[in-house]
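**Student:** Residue numbers (mature numbering (1 follows the signal peptide of the UniProt record, and there is no 0)): -24 to -1, 1 to 113. C-beta: ideal position from N, C-alpha, C; glycine also. Remember, it's a predicted structure, so these values are computed and weren't measured experimentally. Below you will find the structure I want to go over with you.
What follows is the structure in structure tokens.
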């Protein structure tokens, strides 16, 4: 019985010393996305250079203001409908919001230009001929 106890301790210590390095090299548990393998970034292939042939390109036709607005309305409505039909597609919603942001900025600029014009040329003011609020008293 006396001999078995030291032998048991020696065997236990021998097993623990062999298991210790294996336990120390495991990756510690953490959030799932920390332990997921990283994907290698895909580098796009370079585009081939155009050939040395010379081509003539006609200049693009300049659209009138009405044609530009008709084009913008069609693109805006298409983006709005596309975003509504595919509500989970972030790219389609981003395109629609970018168009909204653009037209809102244009509208703000138009409003500021209108105010500046009224200061320079008050004859365009509606309140000159039709006074309202304090100007009517």
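1) Can you tell me where the alpha helix (DSSP H) holding residue 95 begins and where it ends?
2) Distance check for residue -11 and residue 162, CA to CA, integer angstroms please.
3) Take residue 104 and list the residues in its own chain whose beta-carbon comes closer than 8 Å to its own, dropping the five residues that flank it on each side.
4) In angstroms with no decimal places, state the Cα-to-Cα distance between residue 74 and residue 59.
5) Can you find the residues in the same chain that come closer than 7 Å, C-beta to C-beta, to residue 76, ignoring five residues on each side of it along the sequence?
6) For residue 100, count neighbouring Cβ atoms within 10 angstroms of its own Cβ and tell me buried if that reaches 16, exposed if not.
7) Can you tell me whether residue 78 is buried or exposed, with buried defined as 16 or more other CB within 10 angstroms of its CB?
8) Can you say whether residue 90 is buried or exposed, counting buried as having 16 or more other CB atoms within 10 angstroms of its CB?
9) Alpha carbon to alpha carbon, how far is residue -16 from residue 15?
10) What is the rounded straight-line gap between the Cα of residue 107 and the Cα of residue 86?
11) Taking the alpha helix (DSSP H) that residue 19 belongs to, which residues open and close that run?
12) Using alpha carbons as the reference points, say which of -8, 20 and 72 lies closest to residue 57.
**Tutor:** This is what the structure holds:
1) 66 to 96
2) The structure shown has nothing for residue 162, since the chain only spans -24 to 113.
3) 98
4) A straight-line Cα-Cα distance of about 12 Å links residue 74 and residue 59.
5) none
6) exposed
7) exposed
8) For residue 90, the number of other beta carbons within 10 angstroms of its own is below 16, and it is reported as exposed.
9) In this structure, the straight-line span from the alpha carbon of residue -16 to that of residue 15 is close to 47 Å.
10) 23 Å
11) Unbroken run through residue 19: none, as it is neither H nor E.
12) 72
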